[in-house]
Amino acid sequence: MTYGGPFPFCSPGQQRSRAAAVGRVRAERSRPWAEGREGVCGRRPPLKSWPAPARRGRALRSSGAAAQGARSGFGPRASAAMGPLLLLLLLALLAALLLLALSPRLRFRAKVGSYCALCVVASALTSVACLLWNGGRTVRNLTLIKNVVRTFKYFYGLRFEVKGLEHFEMEGPCVIISNHQSILDMMGLMEILPERCVQIAKRELLYMGPVGLVIYLGGIIFINRKRTGNAKSVMSGVGQAMTNENLKIWIYPEGTRNMNGDLLPFKKGAFHLAIQTQVPIIPVVYSSFTSFYNPEKKTFTSGKIKVEIFPPISTKGLTAEDVDDLSKQCYTTMRETFFRLSGKTRETNGEASILGQ
Numbered sequence: 001m002t003y004g005g006p007f008p009f010c011s012p013g014q015q016r017s018r019a020a021a022v023g024r025v026r027a028e029r030s031r032p033w034a035e036g037r038e039g040v041c042g043r044r045p046p047l048k049s050w051p052a053p054a055r056r057g058r059a060l061r062s063s064g065a066a067a068q069g070a071r072s073g074f075g076p077r078a079s080a081a082m083g084p085l086l087l088l089l090l091l092a093l094l095a096a097l098l099l100l101a102l103s104p105r106l107r108f109r110a111k112v113g114s115y116c117a118l119c120v121v122a123s124a125l126t127s128v129a130c131l132l133w134n135g136g137r138t139v140r141n142l143t144l145i146k147n148v149v150r151t152f153k154y155f156y157g158l159r160f161e162v163k164g165l166e167h168f169e170m171e172g173p174c175v176i177i178s179n180h181q182s183i184l185d186m187m188g189l190m191e192i193l194p195e196r197c198v199q200i201a202k203r204e205l206l207y208m209g210p211v212g213l214v215i216y217l218g219g220i221i222f223i224n225r226k227r228t229g230n231a232k233s234v235m236s237g238v239g240q241a242m243t244n245e246n247l248k249i250w251i252y253p254e255g256t257r258n259m260n261g262d263l264l265p266f267k268k269g270a271f272h273l274a275i276q277t278q279v280p281i282i283p284v285v286y287s288s289f290t291s292f293y294n295p296e297k298k299t300f301t302s303g304k305i306k307v308e309i310f311p312p313i314s315t316k317g318l319t320a321e322d323v324d325d326l327s328k329q330c331y332t333t334m335r336e337t338f339f340r341l342s343g344k345t346r347e348t349n350g351e352a353s354i355l356g357q
């Protein structure tokens with residue numbers, strides 16, 4: 001016969017007796033340990049063997065983190081060893097910043113170095129994008145190159161003030177000429193570069209690593225300035241490509257970079273090209289960079305570059321006999337504009353010898 005309750009095989013009296021015994025045992029076990037008594041299970045173990053659940057979780061997490069650090073090589077010993085190294089790096093950084101603040105020469109070199117590094121990195125990345133976008137050398141790559149180079153001005157605090165940009169909206173091919181000052185000319189070129197416009201550059205630029213690769217992919221035309229006959233044949237091919245592919249050609253008639261505060265005598269190649277192909281010439285003048293970039297004084301700061309674009313000069317009906325007059329006309333106009341934009345007084349000494357080349 002069975003009964004209900006926790007002891008189904010015991011009579012009601014036995015159930016009450018057993019329940020009372022269980023209650024006494026539970027009461028004995030629950031007595032405060034501060035009394036120093038021994039419970040049914042013996043004396044209570046030390047507290048450190050019975051951590052609270054929260055402390056036990058923290059202990060497990062800390063032990064797991066230590067094990068993970070040991071596996072990854074960044075345990076407590078590694079962290080302690082890296083402390084002096086981080087302190088040394090911090091001190092070196094502070095010393096470099098102090099030297100840059102106190103030494104204009106060092107600051108100039110650092111800024112020029114960062115500009116060159118930026119050109120190399122941007123050229124490498126843009127070259128990959130050009131290959132993926134258009135698959136090789138084409139003038140269409142200049143759109144991407146132009147958009148990348150236009151961001152450089154924000155790194156160095158340069159601003160452009162452009163006048164006459166609407167003159168680039170003309171249809172058909174043309175020859176664009178401008179003054180050439182420094183390595184910063186690339187930013188000025190890309191700031192206003194019209195569509196389907198390629199530059200004529202010296203062949204040495206082709207071997208400048210990623211920079212040479214990206215300008216090659218952009219369709220830049222290279223000439224060997226040491227071989228006059230080769231340069232003339234290249235210019236003849238440029239004329240055919242300009243008319244057949246509807247290109248605008250950008251040329252620096254000074255032939256080299258110049259920061260002497262004036263324009264160098266113009267070479268005649270650009271004017272021969274314009275007259276042979278009967279396309280207009282568009283002069284472009286940039287103000288002097290010496291107010292913010294001067295290698296002699298070791299200064300490279302933020303500044304503003306003024307740019308003026310002139311209306312197209314027609315060459316219809318002109319012949320090779322008119323090359324000298326056309327070059328003198330452009331030289332005089334561009335020189336006067338250069339002084340005006342740069343806020344300089346026109347120097348008259350030596351002008352006759354310069355223009356009478």
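Be aware that the sequence shown starts at 1, since it is given in the UniProt record's numbering, and climbs by one per residue.
For each residue, glycine too, the CB sits at the ideal point set by N, CA and C.
- Item | Chain-order list of residues whose beta-carbon lies under 8 angstroms from that of residue 311 (same chain, five-residue window excluded) | The answer, listed in chain order, is 164, 167 and 282.
- Message: So for residue 245, helix, strand or coil by DSSP?
- Response: Coil.
- Item | Opposing strand residues paired with residue 197 [DSSP bridges] | Residue 197 pairs with 248.
- Message: If I measure Cβ to Cβ from residue 243 and keep anything under 7 angstroms in the same chain, skipping five residues before and after, which residues do I get?
- Response: Scanning its chain for C-beta atoms nearer than 7 angstroms, with the 5 sequence neighbours on each side dropped, one finds around residue 243 the residues 173 and 277, in chain order.
- Query: Going by beta carbon distance, what residues of the same chain come within less than 8 angstroms of residue 333, once the five residues before and after it are set aside?
  - Reply: Within the same chain, and ignoring the five residues on either side of residue 333 in sequence, the residues whose Cβ sits closer than 8 angstroms to its Cβ are 283 and 310.
- Item | Opening and closing residue of the alpha helix (DSSP H) in which residue 107 lies | That run of the alpha helix (DSSP H) goes 104–134.
- Task: Using only alpha-carbon positions, find the residue among 273, 308 and 290 that is nearest to residue 318.
- Result: Closest by alpha carbon: 273.
- Assess, as a yes-or-no matter, whether the stretch 113–124 is touched by the stretch 203–220 under the definition of 3 or more beta carbon pairs within less than 8 angstroms. Between the stretch 203–220 and the stretch 113–124 there are three or more inter-stretch CB-CB distances shorter than 8 angstroms, so the stretches are counted as touching.
- Task: Please state if the CB of residue 342 and the CB of residue 259 are separated by a distance shorter than 8 angstroms.
- Result: Not in contact: residue 259 and residue 342 (Cβ atoms no closer than 8 angstroms).
- Message: Buried or exposed, going by whether 16 or more other CB atoms sit within 10 Å of the CB of residue 37?
- Response: Here residue 37 scores only 49 on pLDDT, less than 50, and its place in the model is too uncertain to base an answer on.
- Please name the residue in 338, 328, 315 and 245 whose C-alpha comes closest to that of residue 289. If you compare the alpha carbons of 338, 328, 315 and 245 with that of residue 289, the shortest gap goes to 338.
- Task: Work out the CA separation of residue 188 and residue 148 for me, nearest whole Å.
- Result: Rounded to the nearest angstrom, the two C-alpha atoms are 13 angstroms apart.
- Query: What are the boundary residues of the beta strand (DSSP E) that residue 160 is part of?
  - Reply: Under the DSSP assignment, residue 160 falls in the beta strand (DSSP E) whose first and last residues are 158–163.
- Can you give me the Cβ contacts of residue 218 inside the same chain, cut-off strictly under 6 angstroms, excluding the 5 residues immediately before and after it? Result list for residue 218: 141, 142 and 145, in chain order.
- Message: Could you check whether residue 128 and residue 279 sit closer than 8 angstroms to each other, using their CB atoms as the reference points?
- Response: No, the pair does not count as a contact, with Cβ atoms beyond the cut-off.
- Task: For residue 35, count neighbouring Cβ atoms within 10 angstroms of its own Cβ and tell me buried if that reaches 16, exposed if not.
- Result: For residue 35, the pLDDT reaches just 48, beneath the cut-off of 50, and the residue's location in the model is therefore unreliable, leaving the point undetermined.
- CB-CB under 6 angstroms to residue 306, same chain, minus the five flanking residues each way: which ones, in chain order? Only 161, 287 and 341 meet the Cβ criterion.
- Task: Could you check the C-alpha separation between residue 247 and residue 308 for me, to the nearest Å?
- Result: Annotation: residue 247 to residue 308 spans about 21 angstroms, alpha carbon to alpha carbon.
- Query: Taking the continuous beta strand (DSSP E) assigned at residue 176, which residues delimit it?
  - Reply: Start and end: 174–178.
- Sheet register partners of residue 285 (DSSP bridge): According to DSSP, which records beta bridges pairwise, residue 285 is partnered with 308.
- Query: Can you tell me where the beta strand (DSSP E) with residue 223 in it begins and where it stops?
  - Reply: 221–223 is the span of the beta strand (DSSP E), which, as asked, contains residue 223.
- Item | Rounded straight-line distance, which links the Cα of residue 97 to that of residue 114 | Answer to the nearest angstrom: the Cα atoms are 15 angstroms apart.
- Message: If you measure between the beta carbons of residue 155 and residue 300, is that distance less than 8 angstroms?
- Response: No, they are not a contact pair.
- Item | Beta-carbon proximity of residue 190 to residue 150, cut-off 8 angstroms | The answer is yes: Cβ separation under 8 angstroms.
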